[in-house]
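In terms of our numbering, the numbers along the sequence shown are unbroken and rise by one, the last being 486.
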Amino acid sequence: MARPDSRSAEVDEFLATDASSGRVALAARVALSHGGAAGECPLYLEALDRALEEEPPPFDTATYAEIYLNASASWQWMAVSLITNAEREGDGAKRLWSLSACCDDEGAQRLLKRHAVDESRHALLYLALLDLTFADHVDPEFRLELNELSPKYSPKQEPAPVEGSPYAKNPSIDDFLQMNIAEIRTAIHHIMQRPAMARYFTPANRRRIGSIQDALLRDELNHVSYTAVLIERLAERMGREELSALFRRRFRDFNQITLDELGEAAFDCSVACCARHPTCRSRAPSASERPLELVQIA
Ligand SMILES: [Fe+2]
Ligand SMILES: [Fe+2]
């Protein structure tokens, strides 16, 4: 079957799998392959595979997908989930904007800026999904306020650190590892969101929803790819074992957050949710706390 114009090859390849697990490694490999970086990241892939073996992610299981699908049968849950996603994307955009502004490496700085612009746009795309599916249920005044969830960054703007942000710093390999895991998890959430959103398709909105979903997933796979390439580059300065240990530790942290969220039937935590978790993204870390803080940017 011909692929819709808006859908890229990596999206098709990722969607083609019916695996209920093994999607983390698959997402990384598909993303690298279509990002033109196949075979370029042996250290990253080895460390990823080792981490997955020792800390298998709960978000890569059939049970997790089933819980998501069941929760999404409620339109209220689905609508709140779209708003939460918009909030998270906008929040992530601001973190990336600060990291980009303070990044020492010119190439990485450009990539982080593009990533921030992407996430800023994603916040608005999730709200577009909300409009396409639940417009009749959202108070117009509240809906207008939701537009503020996106910082609306554009490529023409010059990144500047967001005042008071703990992300106003030169990013480390640890930051890129956490971003990479978060991006992979978001890509997996996109796969789960497709059948969930299909419940709310109508002949009038089906095509537009599909093209927004394709665009979001394509971007997330690009984010997986570029962060993997940066990890590989920075990993050359550290030992294999050190990289594996750090990757494993970050998976363990993300896995715990995922399990905590599952207890609340939340997928991809909101800013309020993160504030309750000592290892989560919105906690402003002091220098001594830094190793525990997670960069959940998706
Ligand atoms: Fe992303
Ligand atoms: Fe995103």
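Just so you know, even glycine gets a beta-carbon here, dropped at the ideal spot from N, CA and C.
Alpha-carbon to alpha-carbon, residue j and residue i
| i | j | result |
| --- | --- | --- |
| L409 | R396 | 20 Å |
| R425 | I361 | 10 Å |
| L300 | L287 | 7 Å |
| F435 | A235 | 7 Å |
| L240 | E371 | 15 Å |
| A403 | Q345 | 22 Å |
| P244 | R217 | 17 Å |
| V412 | I369 | 8 Å |
| C291 | D324 | 43 Å |
| L431 | R373 | 20 Å |
| G352 | W285 | 13 Å |
| D376 | E333 | It is worth fixing the name first, because residue 376 is Ile in this sequence and not Asp. Distance between the alpha carbons of I376 and E333: 29 Å. |
| P343 | N358 | 20 Å |
| E242 | V326 | 44 Å |
| I271 | A296 | 30 Å |
| Q381 | D237 | 25 Å |
| P391 | F322 | 15 Å |
| G227 | L233 | 9 Å |
| H465 | R440 | Residue placement at H465 cannot be trusted, given a pLDDT of 49 that sits under 50; what the coordinates show is reported in the next sentence. For H465 and R440, the distance between alpha carbons rounds to 14 Å. |
Sub-8 Å separation of residue i and residue j beta-carbons
| i | j | result |
| --- | --- | --- |
| D306 | D407 | yes |
| L220 | A416 | yes |
| P347 | A289 | yes |
| V199 | L365 | no |
| I400 | L317 | yes |
| Y341 | W263 | no |
Three-state secondary structure assigned by DSSP to residue i
| i | result |
| --- | --- |
| D506 | Coverage of the chain is limited to positions 189 through 486, which leaves residue 506 absent and any answer about it impossible. |
| P230 | helix |
| V350 | coil |
| Q345 | coil |
| D441 | helix |
| M266 | helix |
| P473 | In this predicted model, P473 has a pLDDT of only 33, less than 50, meaning its place in the structure is not dependable; the value taken from the coordinates is given anyway. Three-state DSSP puts P473 in coil, outside helix and strand. |
| V326 | coil |
| G210 | coil |
| Y355 | coil |
| G427 | coil |
Distance cut-off 7 Å: residue i Cβ against heavy atoms of ligand 3
| i | result |
| --- | --- |
| D279 | Only ligand 1 and ligand 2 can be found as ligands here, which leaves ligand 3 out of the picture. |
Checklist line | the stretch 262–282 touching the stretch 329–345, judged by at least three CB pairs closer than 8 Å | finding: Three or more Cβ pairs closer than 8 Å define a contact, and the stretch 262–282 meets that threshold against the stretch 329–345.
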